[in-house]
Amino acid sequence: MKVMTLNTHSYIESQPLEKLAQIATYIKEENPDIVALQEINQLITSKEIEGDDYFCPLANQVPLHEDNFAYLLVSRLRELGLNYYWSYSYTHIGYDTYQEGLALLSKEKLISTEQVTSNPSYVGKLTRKILVGQTSQATFVVGHYSWAGKNGFDYEWAKTKAALKGQKQPLVIMGDFNNPPESSAHQQIREANLGLVDSFQVAAKRYGEHTVVKAIDGWQDNEGQLRIDYVYLSDTFKVSKYQVIFDGQTSPQVSDHFGILVEIE
1 MKVMTLNTHS YIESQPLEKL AQIATYIKEE NPDIVALQEI NQLITSKEIE GDDYFCPLAN
61 QVPLHEDNFA YLLVSRLREL GLNYYWSYSY THIGYDTYQE GLALLSKEKL ISTEQVTSNP
121 SYVGKLTRKI LVGQTSQATF VVGHYSWAGK NGFDYEWAKT KAALKGQKQP LVIMGDFNNP
181 PESSAHQQIR EANLGLVDSF QVAAKRYGEH TVVKAIDGWQ DNEGQLRIDY VYLSDTFKVS
241 KYQVIFDGQT SPQVSDHFGI LVEIE
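Using UniProt numbering, you'd call the opening residue of the sequence shown number 1 and step up by one each time.
Have a look at this one:
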């Protein structure tokens, strides 16, 4: 099974539709089973639409818009001959212009839910959520977390852990964690009693490591290389390959983050 994660930066990127096409081409070539996407935007003012036949709505689904980045991506993939079931969770307003959210794409139909993880004082300003999709194989989670701190990652991870407690299926948690490996955030993940391991650490083969190599939003003072995007998974999985993608070398750079492709057994 292949799983992929990418913080797309979507419409904040220059030439976003060209980059969307490049993402679709890569997905066509690699054929991942699961795709986890962050910063999936749609204009606040754009036209509302109904989901397509492969859309797996949430219980309290915020309306999709015609320019939803995930909707356009799955539409492009369909043109390329690939059908993905998908879900979208709206989280907060981005740049005073967009409804920003998370998306999960799957070859298998999803049963999807969302969970607010933010400290209540941040809800509405920079709401954080996790999007959870269940298939017959595993439970897949996509998240976009805050930086380390009592009211940031610490609070959000505690909410994530509570939401996943008692989960009987194997877990795969993917996304932008906004915390490098040496931060206290990852100690909390390891100590969560969810049986999670960092796919980078346990992969039989590794190609690349860092996912941010310049100053970006939220890391304006960065001058080095950061690994802040992750695929965590149950320790019952065997990771055969971890690969950094969309890095401008093995595949086009389409975002301010690189992506990750992980092969698991």
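We put the CB at the ideal spot given by N, CA and C, even for glycine.
For residue j and residue i, the rounded distance between their alpha carbons
{"i": "PHE69", "j": "SER10", "result": "7 Å"}
{"i": "LEU102", "j": "VAL142", "result": "7 Å"}
{"i": "VAL212", "j": "THR236", "result": "29 Å"}
{"i": "GLU182", "j": "GLN253", "result": "26 Å"}
{"i": "LEU6", "j": "PRO180", "result": "16 Å"}
{"i": "LEU58", "j": "THR113", "result": "6 Å"}
{"i": "LYS109", "j": "ALA138", "result": "12 Å"}
{"i": "VAL172", "j": "GLU263", "result": "12 Å"}
8 Å Cβ shell around residue i - same chain, five flanking residues per side excluded
{"i": "LYS28", "result": "LEU77, LEU80, GLY81, LEU82"}
{"i": "THR127", "result": "THR91, HIS92, VAL116, SER118"}
The ligand GTP heavy atom lying under 8 Å from the CB of residue i
{"i": "PRO32", "result": "Absence of the ligand GTP from the depicted structure is noted, as is the absence of any ligand whatsoever, leaving it without description."}
Residues of its chain near residue i, where Cβ-Cβ distance is below 6 Å and the 5 sequence neighbours each way are ignored
{"i": "ASP33", "result": "MET1, LYS2, LYS107"}
{"i": "GLU66", "result": "SER46, LYS47, ILE49"}
{"i": "SER251", "result": "TYR26, ILE245"}
{"i": "THR8", "result": "LEU37, GLU39, SER255"}
DSSP state of residue i mapped onto helix, strand, coil
{"i": "THR25", "result": "helix"}
{"i": "LYS150", "result": "coil"}
{"i": "ILE189", "result": "helix"}
{"i": "LYS19", "result": "helix"}
{"i": "GLN220", "result": "coil"}
Residue nearest to residue i in terms of C-alpha spacing, selected from the options
{"i": "GLN187", "options": "ILE12, PRO16, PHE153", "result": "PHE153"}
{"i": "ASP247", "options": "TRP219, ILE216, GLY208", "result": "GLY208"}
{"i": "THR97", "options": "PRO63, ASN41, LEU64, LYS129", "result": "ASN41"}
{"i": "LEU37", "options": "VAL231, ALA158, ALA185, ALA203", "result": "VAL231"}
Check whether residue i and residue j have beta carbons under 9 Å apart
{"i": "SER89", "j": "LEU20", "result": "no"}
{"i": "HIS210", "j": "LEU233", "result": "no"}
Cut-off 7 Å between Cβ atoms - residues of its own chain near residue i, not counting five sequence neighbours on either side
{"i": "GLY195", "result": "SER234, ASP235"}
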